[in-house]
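Colleague: If you read the protein sequences in the order shown, they are chains A and B. For what it's worth, our numbering labels the leading residue of the first sequence as 22, then goes sequentially. For what it's worth, our numbering labels the leading residue of the second sequence as 0, then goes sequentially. Glycine residues also receive a C-beta, built at the ideal position from the N, C-alpha and C atoms. One structure is given below, represented as structure tokens, and several questions about it will come after.
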Amino acid sequence: MSCEPGLSRRDFMCAVASCAVAACTDVTHTSFFRDRLRELSTADIAAIVADLEREYRERFGKEVTVGTEEAMDGVEFAYALDLSRCVGCRRCEYACIEENNQSRDPEVHWIRVLEMDKDKGIDFAHATPYYDAEEVPRPGHFYVPVACQQCRNPPCVKTCPVGATWQEPDGITVIDYDWCIGCRCCMSACPYGARHYNWSEPEIPKDEVNTDTHILGNRPRPRGVVEKCTFCIHRTREGLYPACVEVCPTGSRKFGNLLDPSGEIRYVLENKRVFVLKAELNTRPRFYYFYGV
Amino acid sequence: MPTMPISGSARTWGTVVVFLLAHLASACAESHAEPHSPHPDDDVLRYVPDATAANDLHLPPPPFTEGAFPCSDCHDPELPVRTRRRELKWAHKEIELTHDEEHRWCLDCHDAENRDVLHLANGTPVAFEESHLLCGQCHGDKHRDWRAGVHGRRTGSWNGEKSYLLCVHCHDAHSPAFEAIRPEPPPPRPRRTP
């Protein structure tokens with residue numbers, strides 16, 4: 022076998038295998054043979070974005086923009102939810118699905134609205150997201166919507182064996198969907214059930230796909246990866262409210278910059294009765310629940 | 000049982016309190032004498048409603064029932080002012096008052112002299128465009144939260160100018176409690192392999 026001097030057998034075999042994989046499938050070099058997103062240069066990320074946009078154009082028959090906005094300086098996002106106002110109507114759950122290109126079949130719901138008994142208080146053992154009612158709020162019940170709590174001490178990040186998930190400087194925990202190996206360790210580590218796995222190819226109707234996306238957020242995901250709420254990273258990094266805040270008919274949902282002393286979040290923390298879910302686990306969420314009345 | 004000796008300083012304070020109470024009582028008596036005619040020099044404090052004046056909150060216009068405003072189109076000042084609670088048979092039949100209805104009737108909030116404005120409890124007129132001032136009289140805590148951007152629906156931008164709605168954009172002023180609504184369908188339960 023003739024070989025160029027200096028090329029090792031190992032490098033040669035790698036190159037051959039790479040060519041074989043590339044020839045057999047439609048994966049692009051940017052999604053399959055790349056390094057971790059966090060370690061790539063701006064030029065490399067631009068190449069990946071171009072690849073993704075081409076893939077989505079072919080799949081959905083329209084232009085999909087994949088943004089790469091970075092965290093703003095001096096911003097740490099936080100969320101506050103008024104439990105005395107939430108009526109459990111699930112408008113947020115479906116606004117989230119539409120905004121973030123979650124799979125419609127099988128259905129993936131990043132937000133789960135838990136119905137709890139007023140007699141029992143906050144009690145996850147007796148809570149259900151599957152309540153089916155003609156009208157809400159049902160007497161004797163209250164509602165606790167739960168999605169990613171954007172922990173300061175996230176167990177999901179700690180447990181990921183490949184470093185595919187991390188906290189951004191503005192506090193959002195994100196996932197590199199092309200680096201995720203789908204082992205679901207993060208799902209078992211998350212005490213809030215906030216991470217969701219794509220068991221089969223996510224299906225999004227062409228006319229319902231949201232074309233405003235972010236590489237770490239709501240871009241359409243492949244099968245076999247984990248996904249979660251990113252505080253609508255594609256919206257919030259441009260100064261907009263997350264979709265769930267905008268849609269809430271009772272105004273239960275508040276969002277803002279924790280570092281802004283005159284912001285809404287600080288007002289809630291300073292003036293209301295506030296708590297976090299499962300505080301005893303020391304996850305230190307950036308998602309606060311409060312009683313506005 | 001021995002009585003507690005009253006010290007000199009306590010006696011002095013007692014005199015001050017009695018004096019203050021007496022002063023307050025006379026002030027109240029004066030104000031009660033002429034409830035709706037403030038002193039002409041008081042116009043600095045007197046709020047003048049101006050529907051067109053730009054307000055710093057950029058509030059959207061109030062959601063009037065179509066054809067209902069201006070109220071003076073129908074409410075002729077010549078007509079007698081009726082303050083008694085009664086069944087509304089001719090107009091405003093759709094209004095069902097369930098908002099502290101035991102204590103209130105139309106003219107506790109709507110102004111009898113100028114039908115196109117509301118008025119506060121002290122008689123100060125308030126334009127419909129700024130009706131939150133009227134609501135804030137009783138719901139001070141909600142008004143404070145609303146002003147801080149915490150009570151009410153938030154839309155637009157978290158780091159830009161806050162967008163406000165009036166109380167009446169979400170609450171019916173005559174029946175402000177929210178009605179129960181139909182929820183969206185529940186998520187599917189996890190599938191089990193046979």
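(1) For A:Arg55, does the count of other Cβ atoms within 10 angstroms reach 16, so buried, or fall short, so exposed?
(2) Does the beta-carbon of A:Glu285 have 16 or more other beta-carbons within 10 angstroms, so that it is buried, or is it exposed?
(3) Report the partner residues of A:Asp138 according to the DSSP bridge assignment.
(4) May I ask you to report which of helix, strand or coil DSSP gives B:His173?
(5) Tell me A:Lys275's beta-bridge partners as DSSP assigns them.
(6) Among all the DSSP beta bridges, which residues are the ones paired with B:Ile180?
(7) Report all residues from its chain with a CB closer than 7 Å to the CB of A:Ile225; omit the five preceding and five following residues, and keep chain order.
(8) Short of 8 Å Cβ to Cβ, which residues in the region 154-175 of chain A face chain B?
(9) Of the residues A:Gln170, A:Val108 and A:Met208, which one's Cα is nearest the Cα of A:Tyr100?
(10) Could you check whether the Cβ of B:Asn113 sits closer than 7 Å to any Cβ belonging to chain A?
(11) So what does DSSP say about B:Ser156, is it helix, strand or coil?
(12) Mind checking whether A:Ile254 and A:Gly238 have CB atoms under 7 Å apart?
(13) Short check: CB of A:Val134 to CB of A:Gly95, under 7 Å?
(14) Spatial neighbours of B:Val231 within its chain, please: CB distance less than 6 Å, with the 5 preceding and 5 following residues excluded, ordered by chain position.
(15) Compare the Cα-Cα distances from B:Cys185 to each of A:Tyr151, A:Lys293, A:Cys177 and A:Cys207 and report the closest residue.
(16) Note down, in chain order, every chain A residue with its Cβ under 8 Å from the Cβ of B:Pro186.
(17) Hey, quick one: how far does the beta strand (DSSP E) through A:Phe308 stretch, first residue to last?
(18) So who's on the other strand from A:Asp233, going by DSSP bridges?
(19) From the DSSP output, in three-state form, read off B:Glu198 for me.
(20) Going straight from the alpha carbon of B:Asp140 to that of A:Lys293, what length do you get?
(21) Tell me which same chain residues have a C-beta within less than 6 Å of the C-beta of A:Ile316, skipping the five on either side of it?
(22) By DSSP, does A:Arg216 sit in helix, in strand, or in coil?
(23) How long is the line joining the alpha carbons of B:Gly135 and B:Leu56, rounded to whole angstroms?
(24) What's the C-alpha gap between A:Arg353 and A:Glu74?
(25) Is there a C-beta anywhere in chain B that falls below 7 Å from the one on A:Glu267?
(26) What residue range does the alpha helix (DSSP H) around B:Arg143 cover?
(27) Grouping DSSP H, G and I as helix and E and B as strand, with all else coil, what is A:Ala185?
(28) Just to confirm before moving on: does the CB-CB distance between A:Cys211 and A:Cys177 stay below 7 Å?
(29) Just how far apart, CA to CA, sit A:Val297 and A:Thr186?
(30) In three-state DSSP terms, what is A:Thr194?
(31) Which residue marks the beginning of the beta strand (DSSP E) containing B:Val125, and which one marks its end?
(32) Consider the Cβ of B:Arg45: report whether some Cβ of chain A lies at a distance smaller than 7 Å.
(33) For the candidate residues B:His142, B:Asp107 and B:Ala176, whose alpha-carbon lies nearest to that of B:Arg251?
(34) If the cut-off is 8 Å on Cβ atoms, which residues from the region 241-262 of chain A count as contacting chain B, listed in chain order?
(35) For B:Thr64, which of helix, strand or coil comes out of DSSP?
(36) Determine, using beta carbons only, whether B:Ser174 comes closer than 7 Å to chain A.
Modeller: The answer reads as follows:
(1) Buried.
(2) Counting Cβ neighbours within 10 Å, A:Glu285 comes out buried, since at least 16 surround it.
(3) For A:Asp138, which the question treats as bridged, DSSP gives the partners A:His162.
(4) In the structure shown, B:His173 sits in coil (DSSP, three-state: anything other than H, G, I, E or B).
(5) Looking at the DSSP assignment, A:Lys275 forms a beta bridge with A:Ala101.
(6) B:Ile180 has A:Val157 as its beta-bridge partners, per DSSP.
(7) For A:Ile225, same chain residues with a beta-carbon under 7 Å away, outside a window of 5 residues either side, are Asn122, Ser124, Arg125 and Pro241 in chain order.
(8) So the list reads Ala154, Glu155, Glu156, Val157 and Pro158, given in the order they occur along the chain.
(9) For A:Tyr100, the nearest C-alpha among the options comes from A:Gln170.
(10) So no, B:Asn113 is outside the interface.
(11) In the structure shown, B:Ser156 sits in a strand (DSSP, three-state: E or B).
(12) Result yes, Cβ atoms of A:Ile254 and A:Gly238 sit closer than 7 Å.
(13) Not a contact, by the Cβ cut-off of 7 Å.
(14) The structure shown does not extend to residue 231 of chain B, since chain B is modelled only from 0 through 193, so no value can be given for it.
(15) One point to set straight first is that residue 185 of chain B is Pro, not Cys, in the sequence displayed. Of the listed residues, the one whose Cα sits closest to B:Pro185 is A:Tyr151.
(16) Per Cβ cutoff of 8 Å: Glu114, Glu128, His130, Arg133, Pro150 and Tyr151.
(17) It spans Phe308 to Tyr312 - the beta strand (DSSP E) in which A:Phe308 sits, taken as one unbroken run.
(18) Residue pairing by DSSP places A:Asp233 opposite A:Thr86 in a beta bridge.
(19) Residue 198 of chain B lies beyond the range of chain B shown here (0 to 193); nothing can be said about it.
(20) Cα to Cα, B:Asp140 sits roughly 11 Å from A:Lys293.
(21) An answer regarding residue 316 of chain A cannot be provided, because it is not within the stretch 22 to 314 covered by chain A.
(22) It is coil, neither helix nor strand.
(23) C-alpha separation (whole angstroms): 15 Å.
(24) Given that chain A is displayed from residue 22 to residue 314, the structure contains no residue 353 of chain A and the question cannot be resolved.
(25) So, interface residue.
(26) For B:Arg143, the uninterrupted alpha helix (DSSP H) run begins and ends at Gly139 to Arg146, by DSSP.
(27) Here A:Ala185 sits in coil by DSSP.
(28) A:Cys177 sits close to A:Cys211, with the two beta carbons spaced by under 7 Å.
(29) Those two C-alpha atoms are separated by around 22 Å.
(30) Looking at A:Thr194 - three-state DSSP - the assignment turns out to be strand.
(31) It spans Pro124 to Ala126 - the beta strand (DSSP E) in which B:Val125 sits, taken as one unbroken run.
(32) Legend: pLDDT at B:Arg45 = 49, less than 50; position of this residue unreliable, value from coordinates given subsequently. Using a Cβ-Cβ cut-off of 7 Å, B:Arg45 does not count as an interface residue toward chain A, since no Cβ of chain A sits closer than that to its own.
(33) Nothing can be reported for residue 251 of chain B, as the shown portion of chain B is limited to 0 through 193.
(34) Residues of the region 241-262 of chain A with a Cβ closer than 8 Å to any Cβ of chain B, in chain order: Thr257, Gly260, Leu261 and Tyr262.
(35) Assigned with DSSP and collapsed to three states, B:Thr64 falls in coil, not helix or strand.
(36) Answer no: the Cβ-Cβ gap between B:Ser174 and chain A never drops below 7 Å.
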